[in-house]
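So the protein sequences, as listed, match chains R and W.
Going by my numbering, the first sequence opens with residue 1499, and the numbers climb by one from there.
Going by my numbering, the second sequence opens with residue 1499, and the numbers climb by one from there.
Cβ coordinates follow ideal geometry from the N, Cα and C atoms, glycine included.
A quick note: this is a predicted structure, and the numbers were derived from the prediction, not measured.
2 protein chains.
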Amino acid sequence: MKAEILCVGTELLLGDTINTNAAFAAKELAKLGITVYHQSVVGDNPGRLKESLAEAFSRADIVLMTGGLGPTYDDLTKETVAEFFGRKMYMDEPSLAAIEAFFNKVGRPMTDNNRKQALMPEGAVIFANKNGTAPGLAVGNDEKIAILLPGPPNEMEPMMKNSVVPFLKGKTNTVIVSRTIHIIGLGESYVESILRDYMLAHTNPTIAPYAKTGEVQLRVTASAKNDEEAYALIDPVVAEVAEKFKDYVYGIDVGTLENAAITLLREKGLSAATAESCTGGMVSARLTAIAGASEVFGCGVCTYSNEMKMQLLGVREETLAAHGAVSPETALEMAKGVRKLSGADFGISITGIAGPGGGTAEKPVGLVYIAVDSEKYTKTEKLLLSRGRENERTMIRTLAANNALRLLIEAVTKY
Amino acid sequence: MKAEILCVGTELLLGDTINTNAAFAAKELAKLGITVYHQSVVGDNPGRLKESLAEAFSRADIVLMTGGLGPTYDDLTKETVAEFFGRKMYMDEPSLAAIEAFFNKVGRPMTDNNRKQALMPEGAVIFANKNGTAPGLAVGNDEKIAILLPGPPNEMEPMMKNSVVPFLKGKTNTVIVSRTIHIIGLGESYVESILRDYMLAHTNPTIAPYAKTGEVQLRVTASAKNDEEAYALIDPVVAEVAEKFKDYVYGIDVGTLENAAITLLREKGLSAATAESCTGGMVSARLTAIAGASEVFGCGVCTYSNEMKMQLLGVREETLAAHGAVSPETALEMAKGVRKLSGADFGISITGIAGPGGGTAEKPVGLVYIAVDSEKYTKTEKLLLSRGRENERTMIRTLAANNALRLLIEAVTKY
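Below you can see the structure in the form of structure tokens.
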């Protein structure tokens, strides 16, 4: 089955909005074994929308559209699709009731325009919208199906996952299922060299490495009639591959580094605290992005100045004078200091030069020290994170935060 | 002049990469007064790439392409475009020398494949790549121009700004220039109601409001022959509009809230410190994202637990017992505490319930208190940030951080 993604919105054409919907939809379609060869974006213009729809259907069985379901006169996606399939519009009473209920809940007055959002092409399958006013829908015939979703990602994403995926599962006879093995402490090329023959020998499931900042992910993907058969193909391969890299695997399907860290800490009943300089709180912000972080994380400090490093973390004046703020000695005292301050099991610290200013020949931009301290395990690492590129500040800070999370995971795993 | 954006890459079709290049290019083209009616994405497939290129050129004068300039056999953008314009490929010696120099600089060995990246269609204008190995290029005839840029955003973005924009300025006889007025403390609909007649009366420049989280931006945009004429149209309107909202304008073209905050603090020679609970360090991470933040920001604490609120910030046990951690009293003691701890001129604090758990009837998810404390100006605010949607944790935290930055800007402005 072939699909195309057609996103509607002048804000996308002007670059005011980044098109995250296309990527989200593409990922979900790929998991269903549906091939996508084209994505496109058009504005809220009826002529060009009609043309693009016809063009997409000349190549694909399914056209998944986002946007243009709003209440204003220039929101025309539904009408254009109804015309394409020769369907009349009718007022869908359950959708209207849901829109009225939504306005009641958020306490805003409903306008007449919003009634338009309950107009539906005859024969459409309607997807309820729990997070906004525009219902989604699927409409088509035996050969072609258009799927229409609202533009705001917080409405589109749950509708895609909860309504469109089950709807499409009934249409395809294939599922594509993946598991991801997360590896730290080995480079992508090394992982690939170890696995090359094994990768070539396997076609279902396939095994593909992805280099992420500070880690390598191995994605094992199978195609089968249903989830059960797919996992039966995947799981032995995942076990075999994970065994090959066992000292470096920090989890299967654990998502982000911060999620893996929080999950591990919770499993082991341990806690962590952060002391950040050049990352300014990025690690604590990421750890606390995970719901339930409070069980294992109580304290982070961002000691940007030397005074605060001494006052809050007890970094010694002599250490700063002898080695500087960006040094393994300071990193270690920061990690020890925040552990003591917070009473946490692990203290992790980051100190470095994010640039663009502040670098010297001896201590260049991109030089970062990270440390972890705990009762049983203490380690300091030197990182050189500059790639000699322009505007590296954000990248250096992000890589430093990733590496600190990796070091924390490593320490908790070995604890 | 009409342009289309055509992004090449299987990783985009699979949804593994979000297409930020399209938005970036679209914004820059819009500023040049070049209209974009279509964006599309195709994979690294020669047949479909050729078709998409022909289709794009059937509608547009300029096709801006990203991706497919890499060293491997499936990177075919350059070859496809050369064929479209009937050009042969030649080895461009300056490009080859630049690629060799790049590998020397990063200390990695250059492979034979990388030589392919210096092959160019005859007659191409070449854009040097300071951040990677693939040069960009423009090639075409009197009517049609293809612009080819590398896929990685850290290579594509500077090349677009520094090479493509000046190249295209020579081709168009229009520039589009904007200034943005940043307003805090007023709602979008109120701003629009005050300006409606004024907006209708102006067509060049135009005035358009954009609602951002915690602020309203008014964009004043003029079209003219050159920058000078455009600013001559814009500047009197900006001055007039800014005067209408003078108590609420915190800057012109000041970028993000954190940038405005750091700039203001530096201008006034004042400093700030942060005490965060539910945002876990997001405000300190954002403030320190601005280069030079260290001049005005030395300390942030993330006191996620009550113990840390007491121990680090001196929040009183009685306050927590009587009012709870999420209360105006605790917020204020946190702001006062971090000001005292750090010696900064301003202490700002955030405490709230980001969810999904932890809410009660009395203190629901989304309830957040923010406070600012300084010698002359102290204020506490209650925020209700839930919109009754799913997965709100990230949104609530982001809105809380935005509002805290807004409160800081307000306090520094009035100081």
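Note: S1538(R) is bridge-paired with L1504(R), S1538(W) in the DSSP secondary-structure output. Listed along chain W are A1787, A1789, each with a C-beta nearer than 8 Å to that of R1891(R). Taking T1578(W) as the centre and dropping the five residues before and after it, the same chain places the C-beta of P1544, L1547, K1548, L1551 closer than 7 Å to its C-beta, in chain order.
Within the same chain, M1608 come within 8 Å of E1598(W) by CB-CB distance, once the 5 residues on both sides are set aside.
Taken in chain order, the complete alpha helix (DSSP H) segments of 4 residues or longer contained in the stretch 1824-1851 of chain W are 1826-1840. For S1782(W), the nearest CB of chain R lies under 8 Å from its own CB, placing it at the interface with that chain. With a threshold of 16 other beta carbon atoms within 10 Å, Y1588(R) falls short and is exposed. Taking CB atoms only, A1528(W) has a neighbour in chain R less than 8 Å away. Only L1839, S1840, G1841 from the stretch 1835-1850 of chain R bring a Cβ to less than 9 Å from some Cβ of chain W. For Y1746(R), there is no enclosing beta strand (DSSP E), since its DSSP letter is neither H nor E. A straight-line Cα-Cα distance of about 44 Å links E1831(R) and G1568(W). Here the stretch 1686-1693 of chain W makes no contact with the stretch 1654-1662 of chain W; the two share fewer than three CB pairs at distances below 8 Å. In this chain, the beta strand (DSSP E) harbouring T1878(W) covers 1877-1882. In the same chain as G1565(R), and ignoring 5 residues on each side of it, the C-beta atoms closer than 7 Å to its own belong to C1505, V1506, G1507, T1575, G1649, in chain order. Around the CB of E1591(W), fewer than 16 other CB atoms lie within 10 Å, so the residue is classed as exposed.
The Cβ atoms of Y1535(W) and V1540(R) sit closer than 8 Å to each other. One thing to note: A1740(W) has its Cβ no nearer than 8 Å to the Cβ of I1732(W). R1606(R) and P1862(W) have their C-alpha atoms some 19 Å from each other.
With fewer than 16 other Cβ atoms from the protein chains shown falling within 10 Å of its own Cβ, D1610(R) counts as exposed.
R1904(W) has a beta carbon lying at 8 Å or more from every beta carbon in chain R. Setting aside the 5 residues that flank it on each side, T1672(W) is surrounded in the same chain by G1531, S1721, each with a C-beta closer than 6 Å to its C-beta; the list follows chain order.
Less than 8 Å separates the beta-carbon of S1775(R) from that of T1801(R). Residue-level contact by beta carbon fails for L1762(W) and chain R, as no gap is shorter than 8 Å. Taking one beta carbon from each stretch, the stretch 1742-1751 of chain W and the stretch 1754-1761 of chain R have fewer than 3 pairs nearer than 8 Å; the two do not touch. The beta carbon of E1793(W) sits closer than 7 Å to those of R1764, all from its chain and outside the five residues before and after it, given in chain order. Sequence-distant Cβ neighbours of R1784(W) in its own chain, meaning closer than 6 Å and more than five residues away, are E1756.
P1862(W) is bridged by DSSP to nothing; it lacks a bridge partner. Counted as a single uninterrupted DSSP element, the beta strand (DSSP E) harbouring F1625(W) occupies residues 1623-1625. In the DSSP assignment, H1680(W) is bridged to Q1715(W), G1749(W).
Within 8 Å of the CB of H1680(R), no CB atom of chain W is found; the nearest one sits about 16 Å away. With 16 or more neighbouring CB atoms inside 10 Å of its own CB, D1573(R) falls in the buried class.
In this structure, the beta-carbon distance from L1762(R) to I1643(R) does not fall below 8 Å. Around R1585(W), the same chain offers P1619, E1620, G1621, V1637 as residues with beta carbons nearer than 7 Å, after the five sequence neighbours per side are excluded. Note on geometry: alpha-carbon atoms of V1866(R) and G1822(W) lie some 39 Å from one another. Contact residues of the stretch 1874-1900 of chain W toward chain R are R1885, G1886, R1887, E1888, N1889, R1891, T1892, M1893, R1895 (C-beta to C-beta distance below 8 Å). If one requires a minimum length of 3 residues, the beta strand (DSSP E) runs lying completely within the stretch 1594-1677 of chain W are 1617-1619, 1623-1625, 1634-1638, 1643-1647, in chain order.
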